[in-house]
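All the letters of the sequence shown, read from the start, carry residue numbers 120 to 247 under the numbering used here. Ideal Cβ positions, reconstructed from N, Cα and C, are used throughout, including at glycine. Bear in mind that the values here come from a model prediction, so they are computed numbers and not experimental data.
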Amino acid sequence: MNRAELSEVYRAYIDCLNAQDWPKLEQFVHDDVHYNDRLVGLSGYRTMLERDFSEIPDLHFDIQRLVSDPPCIASRLGFDCMPKGTFLGLPVNGKKISFTENVFYEFRGDRIGRVWSIIDKAAIEAQI
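This is the structure:
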């Protein structure tokens with residue numbers, strides 16, 4: 120895939136997440152996907168995302184920056200949301216917070232094979 124095609128696939132993946140269209144996730148993620156250097160597989164990846172949406176009912180992935188360099192994508196995602204209870208070990212308890220995530224994806228073909236994610240926890244700590 121070229122840069123434009125890879126970016127288009129990634130945007131469709133983010134749309135899939137925001138729609139919580141879990142059956143469609145397999146179109147974007149390999150069965151043996153790794154997350155932060157740990158093999159989680161498609162089912163583990165889906166479980167992680169479903170848990171995120173359960174803990175953060177108003178979760179919405181907003182692409183703020185996107186760099187496509189096939190076979191990789193680098194993205195800065197923005198979030199404005201109200202997690203229930205504890206989030207990343209922090210007592211958020213329904214308070215509205217804003218934070219970003221820097222995430223890097225390595226594609227194999229047209230699907231995600233590896234994901235590396237860093238969430239700006241310091242920004243959350245400053246708000247609670």
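Is the beta carbon of Thr219 closer than 8 Å to that of Leu196? If you number the sequence shown from 1, residue 196 lands on position 77. If you number the sequence shown from 1, residue 219 lands on position 100. Yes; because the gap between Cβ atoms is below 8 Å, this pair is in contact.
If Pro210 sits next to Ile247, beta carbons under 8 Å apart, how far is it from one beta carbon to the other, in whole angstroms? Indexing the sequence shown from 1 puts residue 210 at position 91. Indexing the sequence shown from 1 puts residue 247 at position 128. Sure, about 7 Å apart at Cβ, within 8 Å.
Residues of its chain near Gly213, where Cβ-Cβ distance is below 7 Å and the 5 sequence neighbours each way are ignored: Taking the first residue of the sequence shown as position 1, residue 213 is located at position 94. Cβ neighbours of Gly213 beyond the five flanking positions: Met201 and Lys203.
Can you check whether the CB of Leu125 is closer than 8 Å to the CB of Ile192? Here residue 192 refers to the residue found at position 73 when the sequence shown is read from its first residue. Here residue 125 refers to the residue found at position 6 when the sequence shown is read from its first residue. Yes, Cβ-Cβ distance for Ile192 and Leu125 is below 8 Å.
Element boundaries [beta strand (DSSP E), containing Asp150]: For the purposes of this step, residue 150 is identified with residue 31 of the sequence shown, where counting begins at 1. Per DSSP, the unbroken beta strand (DSSP E) holding Asp150 starts and ends at Val148 to Tyr154.
Between the alpha carbons of Val186 and Asn221, how many angstroms are there, rounded? Residue 186 sits at position 67 when you count from the first residue of the sequence shown. Residue 221 sits at position 102 when you count from the first residue of the sequence shown. The straight-line gap separating the alpha-carbon atoms of Val186 and Asn221 is approximately 11 Å.
Range of the contiguous beta strand (DSSP E) that encloses Gly197: Reading the sequence shown from its first residue, position 78 is the one you call residue 197. First-last of the beta strand (DSSP E) with Gly197: Cys191 to Cys200.
Straight-line CA distance for Asp188 to Arg122? What you label residue 188 is simply residue 69 of the sequence shown in a count that begins at 1. What you label residue 122 is simply residue 3 of the sequence shown in a count that begins at 1. Rounded to whole angstroms, Asp188 to Arg122 spans 6 Å at the Cα level.
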